[in-house]
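>
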Ligand code: SAM
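Numbering (the working numbering), first residue to last: 3 to 245.
(1) Count the other CB atoms, across all protein chains shown, that sit within 10 Å of the CB of residue 165; report buried if there are 16 or more and exposed otherwise.
(2) Just the Cα atoms here: how many angstroms apart are residue 230 and residue 48?
(3) Is the closest heavy atom of ligand 1 to the C-beta of residue 119 under 7 Å?
(4) With the cut-off set at 8 Å, would you say residue 63 and residue 87 are in Cβ contact?
(5) If you draw a straight line from the alpha carbon of residue 1 to that of residue 27, how long is it in whole angstroms?
(6) Would you mind stating whether residue 53 and residue 114 have Cβ atoms separated by less than 8 Å?
(7) Measuring only from the beta carbon, is residue 53 closer than 7 Å to any heavy atom that is part of ligand 1?
(8) Please list, in chain order, all residues of the same chain as residue 23 whose beta carbon is under 6 Å from its beta carbon, the five residues on each side excluded.
(9) Would you say the beta carbon of residue 65 comes nearer than 7 Å to a heavy atom of ligand 1?
(10) What residue ranges within the region 103 to 134 form continuous beta strand (DSSP E) runs of no fewer than 3 residues, ordered along the chain?
(11) Hey, residue 154 and residue 160: beta-carbon distance below 8 Å or not?
(12) Give the range of the alpha helix (DSSP H) segment to which residue 156 is assigned.
(13) Does the Cβ-Cβ distance between residue 102 and residue 72 come in under 8 Å?
(14) Does the structure place the region 179 to 186 close enough to the region 194 to 209 that three or more beta carbon pairs sit under 8 Å?
(15) With residue 128 and residue 60 assumed to form a contact (beta carbons below 8 Å), what rounded beta-carbon distance in angstroms separates them?
(16) So, using beta-carbon positions, are residue 67 and residue 98 closer together than 8 Å?
(17) What is the DSSP secondary structure of residue 61, reduced to helix, strand or coil?
(18) Out of 223, 191 and 237, state which residue places its alpha-carbon closest to the alpha-carbon of residue 210.
(19) Using 10 angstroms around the beta-carbon of residue 32, count the other beta-carbons present and answer buried if the total reaches 16, otherwise exposed.
(20) How far does the alpha helix (DSSP H) with residue 180 in it extend, from its first residue to its last?
(21) Hey, residue 12 and residue 141: beta-carbon distance below 8 Å or not?
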């Protein structure tokens, strides 16, 4: 941490994440379906159910990328509600906006380029915040969680959907083989980019496990933090509230 060494590392991580998502943006949706055998749709559907969004609510889909969650929320909040899709990456935002506009999802959706670590919204602003498969890409996760806590309304809810730790050894083994042997090859075949997908697998392994992330949420000021494992803990949905 001396001589600004840590800052150099942080900048390198942010640059690499930017490069990865610029590179994969156009193939992102296809790759999600292929790599997860379509199961990411189920994980997202469950997240949307837990969000319990009602008409008129104001929702933030953080690290929203190509907008799968935003599209659903837009229908649920109706004309009187609002959904903000925020993402740090211009390429992902462009692909997301084009996709949603093609589907006629307009009117109650706004697009904002923003870093999760420093969210440009007022205090106590959103009823629900979701961040799906985004937190592990953020350099300073605690800072990002505090930033989310600040802009959540009292009574509001944060949902963090993220890869996590498989709950049994056999699953962990199969999963490691799949992510380090198969996924980079798929990335190379479909998106012409093995390196980006190697990064993604690496970032999944480095990400805090269920209990660690739960603690981080509590330390960042969230109440009633808990999580629900899906697919044997390959993915976990973390919930936290602001009282
Ligand atoms: N939420 C979408 C989904 O579930 O399909 C996209 C997930 S994608 C794996 C991760 C997204 O996080 C990318 O679009 C990336 O640009 C975004 N991201 C990475 N770091 C970020 C940061 N510091 N602030 C905001 N977004 C970030």
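Beta carbons: idealized from backbone N, C-alpha and C, even for Gly.
Concretely, from the data shown:
(1) buried
(2) 10 Å
(3) yes
(4) yes
(5) Beyond the ends of the chain as shown, which are 3 and 245, falls residue 1; an answer cannot be given.
(6) no
(7) no
(8) 91 and 94
(9) yes
(10) 111 to 115 and 128 to 134
(11) yes
(12) From DSSP, residue 156 is part of no alpha helix (DSSP H) but of the beta strand (DSSP E) over 154 to 165.
(13) yes
(14) yes
(15) 5 Å
(16) yes
(17) strand
(18) 237
(19) exposed
(20) Element bounds for residue 180: n/a, residue is neither H nor E.
(21) yes
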